[in-house]
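Each remark here refers to the structure printed beneath this line.
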Amino acid sequence: MRWSEIPRDAKAYMLYHTIIAPGLIVWILFPLYLMKTGYSILDVGAFFTAVNIASIPLTYLFGRAFNKWDIKKGLITIDVLNGIAYVLYGLSKGAVAPVVLFAGRAVEKLSTMLYPLYQAYEQLIYPEERYEEIFAWHLRLPEIATVATFPVMGYLLGYVYPSPESYRFTFMFFGLFSAVTIAYLWFFLPSIGRTERITPEGFTFKVSEFKFLLAFEALLTVGWGLAPEIVLINYIVFVLHKTVFEVTLITVATSLASIAGTYASERVPKGRGFQAIAFGMFLNAFNVFIMALSPPLWAVLAAYTVGNFGDTLWFPFYRSWMFKLIPREKTSEFHAAISSYRKLIGIVAPFIAGALASLHATLPYAASLAFFILAGAMFIIISRRGGR
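In our numbering, the protein residues as written are -11 to 376.
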């Protein structure tokens, strides 16, 4: 699919994700900041788990409410809350730092309760007949922005300005930058109300396929929940004795793999979507298998590159399949329900991952291996039963 063929509103939405991509370095810096300021990997896992608990019912309630409300206002709310959270992270200094950090994480977690609105907005703004093709662009552009910005920020924060004070300044910068992204959303993205959500005639809710989707979500949630980014950061910085720069190099390598994966996904033959999803799961299994062996940095780069290529390869087909199972008039509610389901399943995963990593830095990867293998096997089975 050529860029010129993408509708204008869809382009504007993709460019929004491209603009916010550099700010995602905060997701790397925040757990590392906690570790640098005295928290252990077990403490970080417990901290994330504690904040996760309250988000489960609220995520569904917010999604249900946005069945009637303008989804764009929900996207703006996400950026407002993230901006507040990052500013609080930047202010976390001195005796009150733990309280301010927890407050900031609570505010950021409140924003994640609205994250299902991204999927709802995508389902409605992207042309339904070309979901698989358009998601290649949806993934590609933010990864290009990541490749262009993460090495610079990683080098500066890893070697030139490695102190916690520099991390706090970075948090503050991206918190204030939210004002720019909020303005972009307001002026350039269209509103989506109830009239844009009419389900096409002939739509049938497929209960059996939806149950299969939920089973896959459970396996994927546990698989990645047992090997979250905090485990990688802990291994790179405190076991291999590297810096945030090396962590961002891994991010850049995976972004390049993702860009390649978007082009590979466009070349998957029609009707082979489920096989592509299965293959992507097996590549993820390869990734965590290598990581379980406590590899050197070059092998970490290789493992995550392969895994991220697999993630990008399967994502467009899975998201397209998911969207076609969900009625448009309840898109916000369904995506929020799925998100709450993921959170319920993965509620203690950060704590378990932290506990396993405290025993051995790469043990969480070994624990997650079986779940990716099972997820891939499920799609092999369904494809042989006549799935696409």
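Glycine included, every Cβ here is placed at the ideal spot set by N, Cα and C. Just so it is clear, the structure is predicted and the values come from calculations on it, not from any experiment.
Whole-Å CB distance - residue i paired with residue j, under 8 Å assumed
i, j, result
"tyrosine 223", "alanine 280", "The Cβ separation is near 11 Å, so there is no contact."
"glycine 334", "threonine 209", "5 Å"
"glycine 211", "serine 356", "5 Å"
"glycine 249", "leucine 301", "5 Å"
"tryptophan 416", "glutamate 234", "Absent from the model: residue 416. The displayed extent of the chain is -11 to 376, so no value can be given."
"leucine 228", "leucine 285", "6 Å"
"methionine 47", "serine 327", "Before going on, a small fix: residue 47 reads as threonine here, not methionine. Yes, threonine 47 and serine 327 are in contact; Cβ-Cβ is about 5 Å, under 8 Å."
"glycine 11", "phenylalanine 162", "4 Å"
"glycine 213", "alanine 341", "7 Å"
"isoleucine 247", "arginine 128", "6 Å"
"leucine 105", "glycine 62", "4 Å"
"leucine 20", "isoleucine 221", "5 Å"
"aspartate -3", "serine 179", "That pair is no contact at about 10 Å."
"valine 135", "serine 253", "So it is not a contact: roughly 18 Å between Cβ atoms."
"proline 283", "alanine 291", "7 Å"
"aspartate 299", "glycine 261", "That pair is no contact at about 15 Å."
"leucine 79", "valine 95", "The pair is not a contact, with the Cβ atoms about 12 Å apart (cut-off 8 Å)."
"valine 256", "alanine 266", "That belief does not hold up - the Cβ atoms of valine 256 and alanine 266 are roughly 12 Å apart, past 8 Å."
"isoleucine 369", "tyrosine 172", "About 44 Å; that fails the 8 Å criterion."
"glycine 360", "valine 225", "Before going on, a small fix: residue 360 reads as phenylalanine here, not glycine. In fact, because the Cβ distance is near 25 Å, the residues do not count as touching under 8 Å."
"tyrosine 155", "leucine 22", "Not a contact, Cβ separation roughly 10 Å."
Buried versus exposed, by CB contacts within 10 Å (16 or more), residue i
i, result
"histidine 126", "buried"
"alanine 245", "buried"
"histidine 387", "In the structure as shown, the chain begins at -11 and stops at 376. Residue 387 is therefore absent and cannot be evaluated."
"glycine 82", "exposed"
"arginine 330", "buried"
"lysine 258", "exposed"
"phenylalanine 305", "buried"
"tryptophan 309", "buried"
"glycine 26", "exposed"
"alanine 133", "buried"
"serine 151", "exposed"
"lysine 164", "Reading off the sequence shown, one finds leucine at residue 164, where the question assumed lysine. Leucine 164 comes out exposed."
"tyrosine 251", "exposed"
"proline 338", "buried"
"proline -5", "exposed"
"serine 166", "buried"
"alanine 9", "buried"
"isoleucine 115", "Residue identity check: residue 115 is proline in the sequence provided, not isoleucine. Exposed is the call here."
"alanine 203", "exposed"
"serine 196", "exposed"
"lysine 60", "buried"
"alanine 287", "exposed"
Extent of the continuous alpha helix (DSSP H) to which residue i belongs
i, result
"tryptophan 15", "14 to 24"
"valine 95", "85 to 100"
"histidine 126", "119 to 143"
"tryptophan 57", "Careful: tryptophan 57 lies outside any alpha helix (DSSP H) and carries neither H nor E."
"valine 219", "217 to 222"
"tyrosine 103", "Premise fails: tyrosine 103 is in no alpha helix (DSSP H) and is neither H nor E."
"isoleucine 335", "Counting along the chain, isoleucine 335 falls outside any alpha helix (DSSP H), and DSSP gives it neither H nor E."
"tyrosine 149", "It is not in any alpha helix (DSSP H) - tyrosine 149 carries neither H nor E in the DSSP assignment."
"tryptophan -9", "From DSSP, tryptophan -9 is part of no alpha helix (DSSP H); its letter is neither H nor E."
"proline 352", "351 to 372"
"valine 210", "195 to 213"
"alanine 9", "Unbroken run through alanine 9: none, as it is neither H nor E."
Whole runs of the alpha helix (DSSP H) within the segment 231 to 319, excluding any shorter than 4 residues: 232 to 253, 261 to 280, 285 to 312
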